[in-house]
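Just so you know, we're using the numbering used here here: the sequence shown kicks off at 17 and counts up by one. A virtual CB, placed ideally from N, CA and C, is assigned to each residue, including glycine.
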Amino acid sequence: MATDTLKSTSSADSATGGLRRLLLDNGALTALIVLVVAMSALSGDFLTTDNLLNVGVQAAVTAVLAFGVTFVIVSAGIDLSVGSVAALSATVLAWSATSHGVPVLIAVLLAVVTGIAAGLVNGFLIAYGKLPPFIATLAMLSVARGLSLVISEGSPIAFPDSVSHLGDTLGGWLPVPVLVMVVMGLLAAFVLARTYIGRSMYAIGGNEEAARLSGLRVKKQKLAIYALSGVFAAVAGVVLAARLSSAQPQAADGYELDAIAAVVIGGASLAGGTGKASGTLIGALILAVLRNGLNLLNVSAFWQQVVIGVVIALAVLLDTLRRKAGATPVAGASQGGKGRQAATYGLAAVVTVAIVGATSFLHNGSPSTANPKVGLSLSTLNNPFFVQIRSGAQAEAKKLGVDLTVTDAQNDASQQANQLQNFTSSSLGAIIVNPVDSDAASNSVKAADQAQIPVIAVDRGVNKASVDALVASDNVAGGELAAKTIGEKLGGKGRIVILQGQAGTSAARERAAGFARGLKAYPGIQVVAQQPADFDRTKGLDVMSNLLQAHPDVQGVIAANDEMALGAIKALGSKAGTSVSVVGFDGTPDGLNAVKDGTLYASVAQQPSQLGKIAVDNALKALEGKKVEQTIKVPVKVVTKENVAGFTG
């Protein structure tokens, strides 16, 4: 009897220990299953074929980048340049194919060669120049991004139609980016598990000195490893640009951090020696599921960043716990280990399908809300102008009984494309979009049109796609007004500087065009310098401080938004409003306060709250099948100290 009890206890302990080891060895997979089940339970829109394909598409670029980064991290390195290299490779392809008539196939090869060249430079600096990987790739991050802006002159370049099909679907249902992700994942898995260089990566990451003493040519292997990372970055850049139908010089900004996060979440160690392609894929899917599900649940974009940061921290903590518990390393696997791994993935798939199928019943019988649902995708919420658009839209939605979901694209055209995809696949009745870039939003808007969802553009139009209405003020006309205001203030003569917006954005281009057009009427006005300050107050302060060193006698400043104007005022100090006149753009609350104080001479106000209010009104009209005007212009207004008291925005 005692023996039976002992055996039973021992068996139970063994089962518990086995389950614990299974969870530790497959922590990322467990997390993905939990996320899928949770999102399915919380949102009835998550578990649909269209949305699951959206998750795959949204994971594709990050996953392809991360496969390349896996090689580097396994070898105990780091690559911070992959996002910039992706943008540069896509820019080279578009520039060579469209501006110089290079055959598309050769242009694609040039893009890949660009990625290889960037990787070789990284590898040379690290292996032969003895630079730390962090420093070498950080330098390449800046160089590649700068070259992308130089080649494109800061503007998106249309992608060749034959390559743009990489952003389409096969058979009307299978997205090509998903197919590319799978192919590149299989290639990465083959390199890691079946090739000499793959084994070299694990050896170098495990102990570089031991690898060198055993006869491995570590320096040459590092060149190859970083070159491979460059190839994968180039492929990711081409896929991303194909989705956006244009090569964006600012594309994939910050994606290197997502790629590194996907690798770490997937079980690789930053210390090197461990990692596998399947884990990296799971890590990329976790990030995509998180962003997709949080969008569907209408979680604030700011809180989304917090949640993703917590997930990354937990992944690293799990890696530490796994090592302390003596979990199976993920560097390589025996044939038996691979069999157990395949069985684990199969069991996980069965369990996930069963649980998700059960949770779907929670939503089948639940009544949907009677309120109409509208999605609002803003280019950024890190700017008071767009915060005011959101406030105006939310106030009007509350008044009209509309459920409004607001997302923040953080000035990333690809992230906005993901958000618009999520809107299209969910149960929203209408979409309002404030495009990061007018060209890049076209494919997403076309998809909404095909789904017969009304689309209202606000502040900026959408090129090559049909929208039900455009609610906007004229950026070019506003730029002309700003130029006229400074010209009249200076009596038609003087030296001025222009602070431009973020290179590559449509607002920056249009306002700059308006400034140039308006200044033609004042030949006595000399523009001594034009520099971008990225619509940012701190950068406006820094750029203006630098320009004052070269041009201390400047008499006027035109800034493409109030934030940069306020930074310039800080740099000017007592000169602002006395010997130097500053004109801003947008009419933000801080800008209007500066106008009242006299430090900001004028702001070209676009009445952003009205833009948001009118956009919601027209979205509801379109949703109800009522006729809406194709273009609704909200007039811009020059606000000075004389009329600021009566201006509400």
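Inter-segment contact for the segment 509-522 and the segment 537-551 is present: three or more beta-carbon pairs are separated by less than 8 Å.
Boundaries of the alpha helix (DSSP H) harbouring residue 254: 234-260, taken from the DSSP string.
In this structure, residue 172 lies near residue 262, with their beta-carbon atoms less than 8 Å apart.
In the three-state DSSP reduction, residue 229 falls in the helix class (H, G or I). The C-beta distance from residue 107 to residue 168 rounds to 5 Å, short enough to meet the 8 Å contact threshold. A Cβ-Cβ separation of about 12 Å leaves residue 446 out of contact with residue 461 under the 8 Å criterion. The criterion of a C-beta distance shorter than 8 Å is satisfied by residue 599 and residue 574. The segment 615-635 makes no contact with the segment 425-434, as fewer than three CB pairs between them are under 8 Å. Contact between residue 245 and residue 90 is ruled out by a C-beta separation of about 11 Å, above the 8 Å threshold.
Residue pairing by DSSP places residue 572 opposite 512 and 597 in a beta bridge.
Shown here for residue 204: same chain residues with a beta carbon closer than 7 Å to its own, the five before and five after excluded, namely 83, 86 and 293 in chain order.
Proximity to residue 80 across 162, 278, 200 and 123 peaks at 200, based on C-alpha coordinates. With 16 or more other Cβ atoms from the protein chains shown falling within 10 Å of its own Cβ, residue 298 counts as buried. Annotation for residue 484: no beta strand (DSSP E) segment contains it, and DSSP assigns it neither H nor E.
Beta-carbon to beta-carbon, residue 451 and residue 418 are separated by about 21 Å, too far to satisfy the 8 Å threshold. One alpha carbon belongs to residue 188, the other to residue 524, and they sit about 36 Å apart.
In the DSSP assignment, residue 424 is bridged to 394. Take the alpha-carbon of residue 289 and the one of residue 217: they are about 7 Å apart. Counting C-beta atoms within 10 angstroms of its own C-beta, residue 466 has fewer than 16 neighbours from the protein chains shown and is therefore classed as exposed. Residues 173, 174 and 176 of the same chain have their beta carbon placed closer than 7 Å to that of residue 114, with the five preceding and five following residues left out of the count. Residue 60 and residue 104 have their C-alpha atoms spaced approximately 39 Å apart.
By the C-beta density criterion, residue 539 is exposed, having fewer than 16 other C-beta atoms within 10 angstroms. Within a 10 Å sphere around the beta-carbon of residue 659 sit fewer than 16 other beta-carbons, which makes this residue exposed. Residue 632 is positioned such that its CB atom lies closer than 8 Å to that of residue 416. Between residue 475 and residue 457 a beta carbon distance of about 12 Å is seen, past the 8 Å cut, so the two are scored as non-contacting. The segment 226-245 and the segment 137-150 touch, with no fewer than 3 CB-CB distances between them shorter than 8 Å.
For residue 652, the three-state secondary structure derived from DSSP is coil. For the pair residue 323 and residue 309, the Cα-to-Cα distance works out to about 12 Å.
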